[in-house]
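Heads up, the thing below is written out as structure tokens.
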Amino acid sequence: MFGLLGPNGAGKTTLMRILCTLLEPTAGRIMFDDIDRLRHPQRVRELIGYLPQEFGFFKRLNAREYLDFAGGMKGLSAAERRRQIPELLERVNLTDAARRPVGGYSGGMKRRLGIAQALLGQPQVLVVDEPTAGLDPEERLRLRNLLAELSVERIVLLSTHVVADVESACSRIAALDRGRLKFVGSPSELMKQAVGRVWHLDVNPEEYARLQGRLKIISARRTDEGFALRVLSDNNPLGRGAAASATLEDGYLCLMDTGPAAQSRGVPA
Amino acid sequence: MLLTWENVTLGAPAVLEGVNLVLRRGLWGVAGLGKTTLLRCGAALTRPHRGRLLFDGDDIWDDPVAYRWRVGYVPQDAEELPPVGAVQYLEYLGALKGIRPQYQRSRASQMLAYFALPDRSLATYSAGMKRRIAVATALLNDPDILLLDDPITGLDPEERINLLNCLTQLADERIILLATSLPEEADGAVQGWVMLRSKGAHLHADSYRSSFQDVSRPGHSSGRC
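Protein chains in written order, with the working numbering: chain A, 62 to 330; chain B, 1440 to 1664.
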């Protein structure tokens, strides 16, 4: 499984749409083994399953009917659909709900049905665009595990905002920023960017007001005395920070380092 | 400033059942099942079937209109914005929220400055900017209670950090309830978690991870923070 990170507007969805032949690149080349994406888009489509970010369903169809329709659109024969659909429903754990209308599904169930749809035709590459957005923690975990399972037999390309999504399951990660590739490597390499730069720091309200705009504050929690901060800094902030262990997200923030937030001080009353 | 939930029950089958909470000013996370319903109750948009909600000792349903003036509520799907300028938009909403005409423009500009938002067409706003202006809208008339339904979903880490840092400051003066499906991402900012379970709610003045472990222990049916 390969993870694709980047801020909103970095080009993650655009990259995925180009891979999936929905958008033509201005220049460059993409190869799937020896198949040229530009010259043989139809052959590439047969290799790829795609789950876009926004995904529409026919609310009154049940899961089985929906997959039958989607399989037909993909050109699968009726016999092939009859064979694949029960297997896929089992795979995404929707067999019990397969006869209920999709309109009544939870967000997580819809995503899993979307993945079943993308898997019709047994694609060798699965492209999923922010599949975990809006899911609760349990559903997110279930979806991550499903994708990890699927990646055993195929390439899974996963884009997300939630750094924790790629942490457990992806062996390699790429980070995009404003259309450019900023990083390719393993999660631990990305995390290394923040090692020695993460600090815990307790400050009083006056100090907090002073530090804003000067320090990169990752989080601030109100305490009885002031604020408990977690900050990114090359040097020990105020000389009394306590070194903290770095997370993958800290590494990502160091990579994307945009400096302290341009937030004004003082709360509007 | 205290918001008190007394045995609040809503829905058949129950979405909220016997929720007892006492919240003082601060930034409180809400996680679990029924987040939106809890927030809608808190905003006096949905009336509980049983139980009471008290703000500083007064039942909010004695005078829900007066109570709503003191509440800012940002629903989950706050992304649909008209293609008008940011100041114009906030001025308009300020007028609806009862800000006197001579203060509407300055208040709008002040909110934009606080949330580091540019005054340009809302059609050009990024997802993070849209969430911040939604919170700015809810803050226009300086409410005592701010209810935010999943404001950090869909934000990239940078945008999420900016929004949470703003909320930490704002929570000095008001009660903020932040419902989220990404509790671990908000953990560094909130002072405690309201964990909704099939029966009741549990309030923990602690990190999400510790709270998660705590709720499995028996004997927690309510919380006070």
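Cβ atoms here follow ideal geometry from the backbone N, Cα and C, with glycine treated the same way. Values in this document were obtained by computation on a predicted structure and should not be read as measured data.
Are residue i and residue j touching if we call contact CB-CB under 8 Å?
i: F118/A; j: V163/A; result: yes
i: L316/A; j: A230/A; result: no
i: D190/A; j: A71/A; result: no
i: T1619/B; j: A1470/B; result: yes
i: R258/A; j: D197/A; result: no
i: M1634/B; j: A1640/B; result: yes
i: M62/A; j: A209/A; result: yes
i: S280/A; j: I1600/B; result: yes
i: A255/A; j: A307/A; result: yes
i: P1487/B; j: A1525/B; result: no
i: L1617/B; j: T1592/B; result: no
i: G182/A; j: L211/A; result: no
i: I176/A; j: L112/A; result: yes
i: G1468/B; j: V1454/B; result: no
Mind checking residue i: buried by the 16 CB within 10 Å criterion, or exposed?
i: Y1542/B; result: exposed
i: V1447/B; result: buried
i: H1643/B; result: buried
i: A1625/B; result: buried
i: P68/A; result: buried
i: R144/A; result: exposed
i: L120/A; result: Note on identity: in this sequence residue 120/A is Lys, with Leu being the wrong assignment. By the neighbour-count rule (16 or more Cβ atoms within 10 Å), K120/A is not buried but exposed.
i: S1660/B; result: Low per-residue confidence applies at S1660/B: pLDDT is 44, beneath 50, and the placement is therefore not dependable, though the value from the model is reported in the following sentence. It counts as exposed.
i: D1589/B; result: buried
i: L1441/B; result: exposed
i: W260/A; result: buried
i: A1562/B; result: exposed
i: T284/A; result: exposed
i: N206/A; result: exposed
i: A1451/B; result: exposed
i: M1550/B; result: buried
For a cutoff of 8 Å on Cβ pairs, would you count residue i as touching chain B?
i: P198/A; result: yes
i: P248/A; result: no
i: I278/A; result: yes
i: V361/A; result: With chain A covering only 62 through 330, there is no way to say anything about residue 361/A.
i: M317/A; result: yes
i: G312/A; result: no
i: G165/A; result: no
i: G70/A; result: yes
i: G195/A; result: yes
i: A281/A; result: yes
i: R239/A; result: no
i: R203/A; result: no
i: R291/A; result: yes
Does residue i come within less than 8 Å of chain A when only Cβ atoms are used?
i: G1627/B; result: yes
i: S1655/B; result: Low confidence applies to S1655/B: its pLDDT is 39, below 50, so where it sits in the model is not reliable, and the reading given next is rough at best. For S1655/B, the answer is no, since every Cβ of chain A falls outside 8 Å of its Cβ.
i: T1592/B; result: yes
i: T1607/B; result: yes
i: G1455/B; result: Note that residue 1455/B is Leu in the sequence shown here, rather than Gly. L1455/B does not count as touching chain A.
i: G1658/B; result: Residue placement at G1658/B is poorly supported in this model, since its pLDDT is 37, which falls under 50; the coordinates still yield a value, given next. Chain A, which has no Cβ nearer than 8 Å to the Cβ of G1658/B, makes this no.
i: S1620/B; result: yes
i: P1452/B; result: no
i: N1446/B; result: no
i: P1596/B; result: yes
i: S1637/B; result: no
i: A1640/B; result: no
i: L1441/B; result: no
i: I1600/B; result: yes
i: N1580/B; result: no
i: L1561/B; result: no
i: A1566/B; result: yes
i: A1547/B; result: no
i: A1482/B; result: no
If you drop the 5 nearest sequence neighbours on each side, which residues of the same chain put their C-beta closer than 8 Å to that of residue i?
i: S301/A; result: Note on identity: in this sequence residue 301/A is Arg, with Ser being the wrong assignment. So the list reads L262, once near-sequence residues are dropped.
i: L309/A; result: V224, A225, V227, E228, P248, L251, M252
i: L174/A; result: F118, A124, Y127, L128, V153, L155, V163, Y166
i: F1554/B; result: R1571, I1572, V1574, A1575, C1605
i: E286/A; result: D263, N265
Leaving aside the five residues before and after residue i along the sequence, list all residues of the same chain whose C-beta is less than 6 Å from its C-beta, in chain order.
i: T156/A; result: L150
i: K1638/B; result: E1456
i: E1518/B; result: K1569
Once you ignore the five residues that flank residue i on each side, which residues in its own chain have a CB closer than 7 Å to its CB?
i: Q1515/B; result: T1475, D1588, D1589
i: E85/A; result: none
i: E1530/B; result: Q1543, R1544, A1547
i: D1583/B; result: M1440, R1509, R1613, I1614
Comparing the CB of residue i with every heavy atom of the ligand SAM, is any distance shorter than 7 Å?
i: H1641/B; result: With respect to the ligand SAM, the structure offers nothing, as it holds no ligand at all.
| Runs of beta strand (DSSP E) wholly within the stretch 1549-1575 of chain B (minimum 3 residues, chain order) | Entirely contained in the stretch 1549-1575 of chain B, not one beta strand (DSSP E) run reaches 3 residues.
| said: To test your reading of the DSSP string, which unbroken beta strand (DSSP E) runs of 3 or more residues are found completely within the stretch 78-121 of chain A? | reply: 109-112
| Can you give, in chain order, each stretch of the beta strand (DSSP E) that sits fully within the stretch 1498-1522 of chain B and has at least 3 residues? | 1510-1513
| said: Please give the ranges of any alpha helix (DSSP H) in the stretch 171-256 of chain A, keeping only runs that are unbroken, at least 4 residues long and fully inside the region. | reply: 198-211, 224-230, 248-253
| task | Entirely within the stretch 252-294 of chain A and at least 4 residues each: give me those alpha helix (DSSP H) ranges in chain order. | result | 266-272
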